[in-house]
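Notes for the one structure printed next.
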Amino acid sequence: MVGDQPPVGDQPPVGDQPPVGDQPPVGDQPPVGEQPPVGEQRPVGEQAGLGVGDAAPSAAYQSSLELSFDEPRRPLRTAATVLGAVLALAVLGVPFGLLWAVLAPDTPVLKTAEGAIYADPQPEQPIAADGWFSLLGLGFGLLVAVALWFVLRRRRGPVGLLAAVLGALVAAPVAWQVGRRVGLATFDRLLATAPAGQAFTKPADLRAGGVDWLLDVLPVPHGNLLLPAFGAAVMYTLLAGWSRWPGLRPEPDPAGLSWVSAGTPTPQAAPAPPAPDEAEPPRG
């Protein structure tokens, strides 16, 4: 209030103020070259009223991206992952073959002096056995691709595709050999001991597929034994094409941050004006 201010006569005279010469000269101020280095300057998060917690989510998001996508390559671990997936899928070929043996019909045959012949000159059972194996093989390949897409999330891409194709390629001959041997011992016994003219059945087998040996060392499957690998390759490629992440692996989403607001400082509100009845501090 005006009544509380000191009278004009009590203020210090102009002569008592420090002369201009006692102020530090301009040359004593630190030159521009002696400014603190960049490492000692205040971080961006502490400028313009931002606390350390405002910049922490952006730094955590950047570090998580670096850990996820800049990790060093490990060839041995990659090879072990592919080998483990191939062995696991080869084991799954056993139930695949058992299911094919149950669904595929047996073919009626007759015992003759020269061996077994078809009871029907043009039987449909061998064609049905090939058809069942082809359908089951395609379904097996599709399921393999979907399973490896979710199981090997950190290996999505060429590694996951290679594991799916090789695993399905190995599982198909395993399923064929397991399925064709169900009831094969009984057929061989009847073929050797049954009299001529006796009718019995032959277990399911493939006529549209098989395995050739390259240089008597490397097995090369052909025919409908390639359908599981084909289905796995097609499904895995479709999953990669429909993925919403460019790197195929899930990327962490910054919680509550956007690319614009992450680096923009929040404007501070202006200080509130003093109340009308608030007394001014004494000057001087």
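Numbering (the working numbering), first residue to last: -10 to 273. Think of the CB as a built atom: it goes at the ideal place given N, C-alpha and C, for glycine as much as any other residue.
Whole angstroms is fine: what's the gap from residue i's alpha carbon to residue j's?
i	j	result
phenylalanine 189	valine 98	6 angstroms
alanine 185	alanine 134	49 angstroms
leucine 228	leucine 72	22 angstroms
proline 94	glycine 172	12 angstroms
alanine 278	aspartate 109	Past the boundaries of the shown model lies residue 278; the chain is included only from -10 to 273, so the question cannot be answered.
arginine 289	valine 154	Nothing in the structure corresponds to residue 289, since the chain is present only between -10 and 273.
alanine 183	phenylalanine 176	10 angstroms
glutamine 166	alanine 152	22 angstroms
proline 64	leucine 203	28 angstroms
leucine 127	arginine 178	34 angstroms
proline 192	glutamine 111	17 angstroms
threonine 96	tyrosine 107	8 angstroms
alanine 174	arginine 233	52 angstroms
Could you spell out the range, first to last residue, of the beta strand (DSSP E) harbouring residue i?
i	result
valine 206	Run containing valine 206: none; DSSP gives neither H nor E here.
valine 171	Looking at the DSSP string, valine 171 is not in any beta strand (DSSP E), and its letter there is neither H nor E.
alanine 197	No beta strand (DSSP E) contains alanine 197, which DSSP labels as neither H nor E.
alanine 185	Premise fails: alanine 185 is in no beta strand (DSSP E) and is neither H nor E.
Between residue i and residue j, which are expected to be in contact by the criterion C-beta below 8 angstroms, what is the C-beta distance as a whole number of angstroms?
i	j	result
alanine 218	leucine 158	4 angstroms
glycine 156	valine 75	5 angstroms
leucine 124	tyrosine 225	Between tyrosine 225 and leucine 124 the Cβ distance is about 19 angstroms, and since that is not below 8 angstroms, they are no contact.
glycine 220	leucine 131	5 angstroms
Less than 8 angstroms between C-beta atoms, sequence neighbours within five positions excluded: which residues of the same chain meet that for residue i?
i	result
aspartate 194	Pro115, Ala118, Arg169
alanine 160	Leu78, Ala79, Leu81, Gly82, Phe85, Phe129, Val133, Pro217
tryptophan 231	none
alanine 102	Ala185
proline 162	Gly82, Val200, Pro208, Pro210, Leu214
glutamate 113	none
Per DSSP, what are the beta-bridge partners of residue i in this structure?
i	result
tyrosine 107	Val98
glycine 212	Gly198
Taking 7 angstroms as the limit between beta carbons, can you name the residues of its chain near residue i, skipping five residues before and five after?
i	result
serine 250	Here serine 250 scores only 45 on pLDDT, less than 50, and its place in the model should not be relied on; the value that follows carries that caveat. Taken in chain order, the list of residues that qualify is empty.
tryptophan 121	Trp89, Leu92, Ala93
alanine 164	Gly82, Phe85, Gly86, Trp89
aspartate 201	Val209, His211
arginine 196	Pro115, Asp119
Whose C-beta lies closer than 6 angstroms to the C-beta of residue i among residues of the same chain, with five residues either side of it excluded?
i	result
alanine 136	none
alanine 105	Val98, Leu180
glycine 198	Gly212, Asn213, Leu214
valine 148	Thr67
tryptophan 138	Leu228
valine 206	none
glutamine 187	Lys100
Mind checking which residues open and close the alpha helix (DSSP H) that includes residue i?
i	result
leucine 87	64 to 92
tryptophan 138	114 to 140
glycine 287	With the chain running from -10 to 273 in the structure shown, residue 287 is simply not present.
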